[in-house]
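Residue numbers (this note's numbering): 645 to 1105. Every residue gets a Cβ at the ideal spot worked out from N, C-alpha and C, and that includes glycine. Written out below as structure tokens is the structure these notes cover.
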């Protein structure tokens, strides 16, 4: 009995941080469900926590819907735990992934701030209120806008396919990409921000990772178009948090924003990351099959490399892409083939993003290289175009039906006819179809290719 009491007293004397340390990273994503006129959202809160912090584990989190209401959402992933609630997914390096999913019906068509706040981050984050980061709350939010269904259609936020936990080595270039894929094919931009501890309030004593350490090159950049985060190079081992805001645009107007609060674990290690070799940008005409070689190399003898790929084309509903590569880590060079039989439904003003990842099997500190590929899918040109002159008109016609006229997403609207005084034998660019900027003027537009040809008055043509 005495031993038991002493043991209990010792437990009570342990630092509170042992019990409270918890949040590493996370974000909130939103999907509009039902039809476009419905005001129903499915919200997914994703967090990454410290697996060994059992006392701070959350089987539910409180979500603020932005309309004056709030709700506790229960965890939905992993094996079933106490009380019948899933336990979450335990990962290596003392990490647990948690998914909390809920459905909410809103009262009106407007813009809403959906948020989640938790009392504690993990301890000893080097760039957040160091050395007392454990006492700083973890806050993430997503701002979502309901659109007019008659004129603007549905709206869902992008999903972030690359996990927000990553690893680096002192003196080695670190690369990360959230690999955001928007189901509505809206354009996205990426920007670094200071992490938040509550709405509108940044965490105290924050330093960007490149502000810690001295004695070598130390820069941190985030490509606003591709989302590629590059840190050249970490100088001090430890755990860092980086936050970014992802802004979604439609027709040049900002709709939604997602805050991703991520963590980078930097170690002292004698390892070099693999290197991926492939193109960075490519264009393809809808209906053609894209087949692209990808190669991963590693200068460290005896190591093996796992080559994988993630991105919007792999989760496409019409004709998903495939990536053929060894299923397990193999001796480099490791070859892979990206294969995508595109269809008309893939036509988009915005490029698709695919992120290839090569990670080595170093026993103590596995490192990875990420390579972002941008793919633009453009519409095929009309076939059998003819211009037949008449007395006062020129009749322009083409093969009907047009190859992409019946695309499921109703992307095709029609053809325009342009004219120019004098010739301009410019080189055709598959990535930039059309005649804008080449000295031509649009003089006619046909919405329905199956109706009738376009008749043009010859004067001035």
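Between residue i and the rest of its own chain, which residues show a CB-CB distance below 6 Å, the 5 nearest in sequence each way excluded?
| i | result |
| --- | --- |
| residue 803 | 673, 825 |
| residue 941 | 919, 976, 977 |
| residue 956 | 825, 996 |
| residue 950 | 973, 1003 |
| residue 901 | 787, 889, 891 |
| residue 934 | 928, 984 |
| residue 862 | 854, 879 |
| residue 1035 | none |
| residue 921 | 939 |
| residue 722 | 730, 731, 732, 733 |
| residue 1109 | Only positions 645 to 1105 of the chain appear in this structure, which leaves residue 1109 out of reach. |
| residue 1000 | 920, 938, 953, 1015 |
Using a Cβ-Cβ cut-off of 7 Å (strictly less than) and excluding sequence neighbours within five positions of residue i, which residues of its own chain qualify?
| i | result |
| --- | --- |
| residue 947 | 1004, 1005, 1006 |
| residue 857 | 879, 880 |
| residue 695 | 734, 738, 739, 740 |
| residue 800 | 674, 675, 676, 827, 828 |
| residue 646 | Low confidence applies to residue 646: its pLDDT is 43, below 50, so where it sits in the model is not reliable enough to give any reading. |
| residue 805 | 823, 825, 954, 955 |
| residue 842 | 761, 781, 783 |
| residue 864 | 852, 853, 854, 875 |
| residue 1024 | 929, 930, 931, 1047, 1048 |
Short check: CB of residue i to CB of residue j, under 8 Å?
| i | j | result |
| --- | --- | --- |
| residue 1020 | residue 1075 | yes |
| residue 757 | residue 782 | no |
| residue 1109 | residue 773 | No information on residue 1109 is available, as it lies outside the stretch 645 to 1105 that the chain covers here. |
| residue 810 | residue 908 | yes |
| residue 769 | residue 852 | no |
| residue 1063 | residue 1087 | yes |
| residue 913 | residue 979 | no |
| residue 887 | residue 917 | no |
| residue 906 | residue 669 | yes |
| residue 1026 | residue 1043 | yes |
Could you check which residue in the options has the C-alpha nearest to that of residue i?
| i | options | result |
| --- | --- | --- |
| residue 732 | 823, 997, 1081, 693 | 693 |
| residue 798 | 760, 835, 722, 679 | 679 |
| residue 616 | 751, 1009, 961 | With the chain covering only 645 through 1105, there is no way to say anything about residue 616. |
| residue 788 | 823, 769, 779, 750 | 750 |
| residue 713 | 668, 813, 759, 936 | 759 |
| residue 705 | 754, 805, 784, 769 | 784 |
| residue 931 | 790, 813, 1047 | 1047 |
| residue 1012 | 807, 812, 1070, 691 | 812 |
| residue 1073 | 839, 1082, 1066 | 1082 |
| residue 896 | 833, 845, 1009 | 833 |
| residue 790 | 886, 753, 1078, 775 | 753 |
| residue 1077 | 993, 967, 1085, 1036 | 993 |
| residue 893 | 709, 837, 796 | 796 |
| residue 817 | 1067, 910, 698 | 910 |
| residue 755 | 709, 699, 1066, 846 | 709 |
| residue 1110 | 844, 847, 808, 1079 | An answer regarding residue 1110 cannot be provided, because it is not within the stretch 645 to 1105 covered by the chain. |
| residue 821 | 1024, 866, 691 | 866 |
| residue 776 | 670, 1042, 847 | 847 |
| residue 998 | 1069, 703, 923 | 923 |
| residue 671 | 697, 701, 742, 703 | 742 |
| residue 945 | 1023, 1066, 915 | 915 |
| residue 792 | 691, 899, 882 | 899 |
Can you name, in chain order, every residue of its own chain whose Cβ lies under 8 Å from the Cβ of residue i, other than the five neighbours on each side?
| i | result |
| --- | --- |
| residue 963 | 984, 985, 986, 987, 989, 990 |
| residue 860 | 815, 877, 879 |
| residue 1089 | 1058, 1059, 1060, 1061 |
| residue 771 | 850, 851, 852, 853, 855, 856, 884, 885 |
| residue 1085 | 1062, 1063, 1064 |
| residue 981 | 935, 936, 937, 938, 967, 968, 969 |
State yes or no: is the C-beta of residue i nearer than 7 Å to some heavy atom of the ligand HEM?
| i | result |
| --- | --- |
| residue 678 | Here there are no bound small molecules, and the ligand HEM is not part of this structure. |
Pair every Cβ in the segment 863-877 with every Cβ in the segment 1006-1020, then say whether three or more of these pairs are closer than 8 Å. yes
When the Cβ atoms of the segment 737-753 are set against those of the segment 717-727, are three or more pairs found closer than 8 Å? yes
Minimum length 4: unbroken alpha helix (DSSP H) runs contained in the segment 838-875: none
Using 8 Å as the threshold, is the segment 722-731 in touch with the segment 683-690, meaning 3 or more CB pairs across them? no
So does the segment 826-839 actually touch the segment 915-932, counting three or more Cβ pairs closer than 8 Å? no
Within the segment 1013-1058, note down every full beta strand (DSSP E) run reaching 3 residues or more, in order along the chain. 1030-1033, 1037-1041
Which full runs of the alpha helix (DSSP H) of 4+ residues lie inside the segment 655-730, going along the chain? 661-664
Counting only runs that start and end within the segment 956-1004, where is the beta strand (DSSP E) found for 3 or more residues in a row? 966-968, 978-985, 996-1004
Taking only runs of the beta strand (DSSP E) that begin and end inside the segment 751-805, which ones reach a length of at least 3 residues, in chain order? 755-762, 782-789
At 3 residues or longer, what runs of the beta strand (DSSP E) sit wholly inside the segment 893-955? 897-911, 919-921, 925-929, 933-941, 949-955
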